[in-house]
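Residue numbers (my numbering): 99 to 665.
In this text, a Cβ means the ideal position worked out from N, Cα and C, and glycines have one as well.
The structure appears right after this line, and notes come after that.
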């Protein structure tokens, strides 16, 4: 009887204990419900929203860059970006090993990114191929997401590389046309908040509550990729043959200013620009390389003198083998005797003394004004970044010898595009055209092929232009530029051989020269103008001249261009 009472008492205690236990559990559940539903409702609502929705950037497609004939120069390839939300990663070790194996990167680097749970977003790798992205998607790794992204690709590699330019990892233009037309090429991305599935992908709906990104516009250049290829090939040959530092060339339409080719060697491959010489990446030599032009500048000298009636076209000069200007004596290269030369013969035989005599006939102010009229000392305004304006001082600051130095293309620095533009004014009858690299932009009405030449662009008369054109024809027919002759085509040109200034800025170094050739064709109706500049070619004492080094390359470039353009 006593044992039964004791058992009942024990059972009641167990019942009381279980009752109290269930009561406490019930109260705890009530407390949690109150906490979730009322006290921390907004926090849990935000967390649920975070898991169910996400911000996504819908990236606009970057516009293409094309040559004048529609050949693709820069396009965008679809790739993927792999990123993570460390807060959602469940198995750090496993997921890091999987990603490291597929992406071929260090596992510890990935662990470091996935292990930082204070971050809600971290890049794992960008520009991932579609194949690798698919392998990652098949693993369904929690907290690992992918987003579409494009990678810039340049189908022709090193063709017009400095002109086209390149983009960085974020597809933002860093140089060339890619930089100059960044806003037009890039388009407009949009950021949207949308529902996502367990893998972080946007759940498609019938009607999107968000807009679409605005794709970038295509930019069509005036460049002809085939002419550009030949130009680069010829420049490489010159640098290799003469062990030169660099070679530069620009090909231009004298009537419209359209650039058919702009190249320099050495260059670089746009698809591997990270491996290139940093000095090559952000400079376009045709518009930024400044140098003393030497005898090619004599056409500007003579054109200015003819235009202001300081000399006559058929005037004859009795020329000594040297002439003193201020404290400087300027000599002929070969001639040691007095000779009579007409204005044309001064250009034909590239007479230094004759050029100085013509400049002195103008005087400092008129000569300075003539040079300024041709655009020297100013930017041409071409649609490319990094153009230099050269150095050309006001005549009021000139020492007494400067006018003589300028007459033979010294004491002034120019860019290849500036000098070619001046030659085009002679070719087209006296108009200074604005060089352009862009033919049109998709869907925008800015076609540049039909530029009208108006009288406000005139810098010399038709008569002056025709006279200098005849002189340049004589240079190629029987003067210093005979190696620029093309069978069946009348070619106008001018040679240039300039000693480079000493690095200390005092005097000139006879062992360091810049050779060049500038010209246009056909004589009857010039449609192509070309300049070739070669920096410090090496060779024998009587081998390195504009007419021997640069003229043959000019000939090949001009010949191909005329045939290519069916002129």
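Ignore the nearest five residues each way along the sequence and tell me which others in residue 753's own chain have a CB closer than 6 Å to its CB.
-> Any answer about residue 753 is impossible in this case: the structure gives the chain only from 99 up to 665.
Compute the distance between the beta-carbons of residue 534 and residue 320, then report whether it is under 8 Å.
-> yes
To the nearest angstrom, how far is it from the Cα of residue 640 to the Cα of residue 168?
-> 45 Å
Residue from 612, 642, 484, 623 with nearest C-alpha to residue 629 = 612
Euclidean distance between Cα positions of residue 553 and residue 518 = The pLDDT assigned to residue 553 is 49, lower than 50, so where the model puts this residue is not dependable; a value taken from the coordinates is nonetheless given after this. Cα to Cα, residue 553 sits roughly 20 Å from residue 518.
Do you know offhand how far residue 316's Cα is from residue 501's?
-> 48 Å
Which parts of the region 388 to 413 are runs of the alpha helix (DSSP H), unbroken and 4 residues or longer, counting only runs that do not cross its ends?
-> 396 to 405
Nearest-angstrom Cβ-Cβ length linking residue 618 and residue 624, presumed shorter than 8 Å = 4 Å
Residue 383 versus residue 261: straight-line alpha-carbon distance, rounded | 9 Å
Could you tell me the distance, in whole angstroms, from the CA atom of residue 542 to the CA atom of residue 313?
-> Low per-residue confidence applies at residue 542: pLDDT is 49, beneath 50, and the placement is therefore not dependable, though the value from the model is reported in the following sentence. Their Cα atoms are separated by approximately 14 Å.
Between 362, 348, 399, which lies nearest to residue 356 when the distance is taken from Cα to Cα?
-> 348
What first and last residue would you give for the alpha helix (DSSP H) that runs through residue 565?
-> 560 to 576
Starting from residue 661, trace the alpha helix (DSSP H) both ways and give me its first and last residue.
-> 649 to 662
For residue 263, name the three-state secondary structure that DSSP assigns.
-> coil
Within the chosen definition, does the region 332 to 349 reach the region 647 to 656 through at least 3 CB pairs nearer than 8 Å?
-> yes
Please confirm if residue 428 has its CB atom under 8 Å from at least one CB of chain B.
-> Note that chain B does not occur in the displayed structure, where there is just one protein chain.
Counting only runs that start and end within the region 428 to 477, where is the beta strand (DSSP E) found for 3 or more residues in a row?
-> 437 to 440
Should residue 124 be labelled buried (16 or more other beta-carbon atoms within 10 Å of its own) or exposed?
-> exposed
Whole angstroms is fine: what's the gap from residue 118's alpha carbon to residue 240's?
-> 41 Å
Reduced DSSP category for residue 343 - H, G, I as helix; E, B as strand; rest coil = coil
Going by the beta-carbon positions, is the gap between residue 450 and residue 430 smaller than 8 Å?
-> yes
Helix, strand or coil: how does DSSP classify residue 159 here?
-> coil
Length of the line joining the Cα atoms of residue 531 and residue 626 = 14 Å
Residue from 555, 397, 171 whose Cα sits closest to the Cα of residue 528 = 555
In this structure, what does DSSP give as the bridge partners for residue 246?
-> 178
Can you grab the Cα-Cα spacing for the pair residue 192 / residue 219, in whole Å?
-> 19 Å
Residue 601 in three-state terms, based on DSSP = coil
Flag this pair as touching only if the region 464 to 483 and the region 580 to 588 have three or more C-beta atom pairs under 8 Å; answer yes or no.
-> no
Helix, strand or coil at residue 329 [DSSP, three-state] = helix
Expressed to the nearest angstrom, what Euclidean distance is found between the alpha-carbon atoms of residue 237 and residue 243?
-> 11 Å
Distance, Cα to Cα, residue 669 vs residue 386?
-> A query on residue 669 cannot be resolved here, the shown segment of the chain reaching from 99 to 665 and no further.
Does DSSP classify residue 606 as helix, strand or coil?
-> strand
Do you know whose CA, among 269, 324, 390, 432, lies nearest residue 175's CA?
-> 269
Do you know offhand how far residue 325's Cα is from residue 190's?
-> 56 Å
Through-space distance from residue 310 to residue 209, alpha-carbon basis = 36 Å
Nearest-angstrom Cα separation, counted from residue 565 out to residue 585 | 23 Å
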